[in-house]
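What follows is a set of notes on a single structure, which appears directly below.
Numbering (this note's numbering), first residue to last: 7 to 181.
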């Protein structure tokens with residue numbers, strides 16, 4: 007079961023989506039603006055956000071800030087689809103891009119895919135925790151406090167595109 011946040015300013019569409027998502031067995035919350043979505047994301051950590059591109063108080067893609075604190079999958083749902091907005095959305099990391107009226111079969115497949123992805127991410131996290139408790143982190147081996155600090159740093163930096171300079175004594179395995 008997924009927790010879903012619907013961000014759409016079309017009242018009728020939002021109500022229909024809530025009904026459909028809940029009938030599929032997922033929990034659902036909904037808001038009608040970018041500002042309300044930001045407030046809701048401070049209180050609620052959804053697995054999935056169904057996001058309209060054009061909201062009354064701004065562009066839906068503005069919610070996808072690079073330094074966002076939440077970790078939900080995002081599916082854009084729009085009645086104003088263009089190649090440019092699709093490319094912009096995909097560059098910001100959205101999971102899927104759907105057009106209104108929404109094809110229920112495709113949305114159902116997207117929900118199932120997100121559910122699988124979230125389950126796999128949880129499993130990977132669990133396995134990484136187990137490996138760390140055994141003193142392993144990928145190809146690195148060591149359970150000392152110093153190595154745990156290295157593992158923590160690698161975990162924080164690895165998912166980013168930031169360049170990293172590794173320094174240390176010659177022969178200590180910095181490669």
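Cβ atoms here follow ideal geometry from the backbone N, Cα and C, with glycine treated the same way.
On a predicted model such as this, the values are computed, not experimentally measured, just so you know.
Test item: CB-CB of residue i and residue j under 8 Å
i           : j           : result
residue 69  : residue 43  : yes
residue 81  : residue 101 : yes
residue 87  : residue 52  : no
residue 138 : residue 157 : yes
residue 26  : residue 124 : no
residue 108 : residue 61  : no
residue 20  : residue 38  : yes
residue 63  : residue 41  : yes
residue 170 : residue 163 : yes
residue 47  : residue 76  : yes
Cβ-Cβ separation, residue j to residue i (assumed contact under 8 Å), whole Å
i           : j           : result
residue 57  : residue 89  : Contact doesn't hold; Cβ gap of about 18 Å is too wide.
residue 36  : residue 24  : 5 Å
residue 182 : residue 50  : For the chain, the structure presents residues 7 to 181; residue 182 sits outside this window and is missing.
residue 8   : residue 120 : 6 Å
residue 92  : residue 103 : 5 Å
Beta-ladder partner(s) of residue i, from DSSP
i          : result
residue 11 : 35 and 55
Length-filtered (3 minimum) beta strand (DSSP E) runs lying within the stretch 16 to 96: 33 to 37, 54 to 57 and 79 to 84
Complete runs of the alpha helix (DSSP H) confined to the stretch 96 to 140 [at least 4 residues]: 110 to 139
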